[in-house]
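**Q** The structure's right below; bear with me while I get my questions together.
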Amino acid sequence: MKVVLASSNPHKVKEINAIVQSLYKNAEIEFILPPEGFDPIEDGETFEANSLIKAKAAWELGKTWTLADDSGLCIDALNGAPGIHSARYADTPQARIDRVLKEMQEKEDRSARFKCCMTLLNPQGEVAFAYTGICEGSIVKSQRGVNGFGYDPIFLLSNSDKTMAELSEDDKNAVSHRFKALKEILNFLYKN
Numbered sequence: 001m002k003v004v005l006a007s008s009n010p011h012k013v014k015e016i017n018a019i020v021q022s023l024y025k026n027a028e029i030e031f032i033l034p035p036e037g038f039d040p041i042e043d044g045e046t047f048e049a050n051s052l053i054k055a056k057a058a059w060e061l062g063k064t065w066t067l068a069d070d071s072g073l074c075i076d077a078l079n080g081a082p083g084i085h086s087a088r089y090a091d092t093p094q095a096r097i098d099r100v101l102k103e104m105q106e107k108e109d110r111s112a113r114f115k116c117c118m119t120l121l122n123p124q125g126e127v128a129f130a131y132t133g134i135c136e137g138s139i140v141k142s143q144r145g146v147n148g149f150g151y152d153p154i155f156l157l158s159n160s161d162k163t164m165a166e167l168s169e170d171d172k173n174a175v176s177h178r179f180k181a182l183k184e185i186l187n188f189l190y191k192n
């Protein structure tokens, strides 16, 4: 079974397919990029709203099972920022990290979480299932690690001495917010 992943990011498709294979050996579900023309305007005010916008935009192109996610970093001391603006918080990945570290310089409360809201549409374009995965942690004072992407080098996992960027891809995929959400989506697909 092929499911369109509402993303133009091949890295995300690869990561999600790796998670599928780690959960289900010889999985019969494969995620693929949407057809040409996928370029939704993410103007929702929540992760859930943006996930649904992306899902509907990709479904319109293929009219088949479609999964979208919207995810980001939410920092308590910054009133939830960067939140839904995580991917646009600055011009480059490094500039986004630098901005967060600067804004966090004087903050004592460093608690944060990654959130991933997934929305699955059936071939009729209806929401079949939705789930939000959360990965708790905190913001370190200086970046560490070279793996992963985005804010991984400054996100210290709860009950760990490692940032997301210090984990192997397999270890990250076993604890991430995306893993938690995707596991529930896959459980739904395999049961239905």
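Counted the way this note's numbering counts, the sequence shown spans residues 1 to 192. Beta carbons: idealized from backbone N, C-alpha and C, even for Gly.
So, helix, strand or coil for Y131, using DSSP?
**A** strand
**Q** Compare the Cα-Cα distances from D161 to each of I53, K12, R144 and G72 and report the closest residue.
**A** R144
**Q** Using a threshold of 9 Å, state whether the C-beta atoms of F38 and S71 are closer than that.
**A** no
**Q** Helix, strand or coil for L121? Go by DSSP, reduced to three states.
**A** L121 falls in the strand class under three-state DSSP.
**Q** Below 8 Å, can you find three or more Cβ-Cβ pairs linking the stretch 100–118 to the stretch 151–161?
**A** yes
**Q** Between the C-alpha atoms of C135 and I84, what's the straight-line distance to the nearest angstrom?
**A** 16 Å
**Q** For N50, count neighbouring C-beta atoms within 10 Å of its own C-beta (all shown protein chains included) and say buried if the count is 16 or more, exposed if not.
**A** buried
**Q** Going by beta carbon distance, what residues of the same chain come within less than 7 Å of V140, once the five residues before and after it are set aside?
**A** I154, L156 and T163
**Q** Do you know whose CA, among K12, D91, E169 and S8, lies nearest A58's CA?
**A** The shortest C-alpha separation from A58 is found at S8.
**Q** Grouping DSSP H, G and I as helix and E and B as strand, with all else coil, what is P34?
**A** coil
**Q** Can you grab the Cα-Cα spacing for the pair W65 / V4, in whole Å?
**A** C-alpha separation (whole angstroms): 6 Å.
**Q** Assuming A68 contacts A6 (C-beta within less than 8 Å), just tell me the rounded distance between them.
**A** 4 Å
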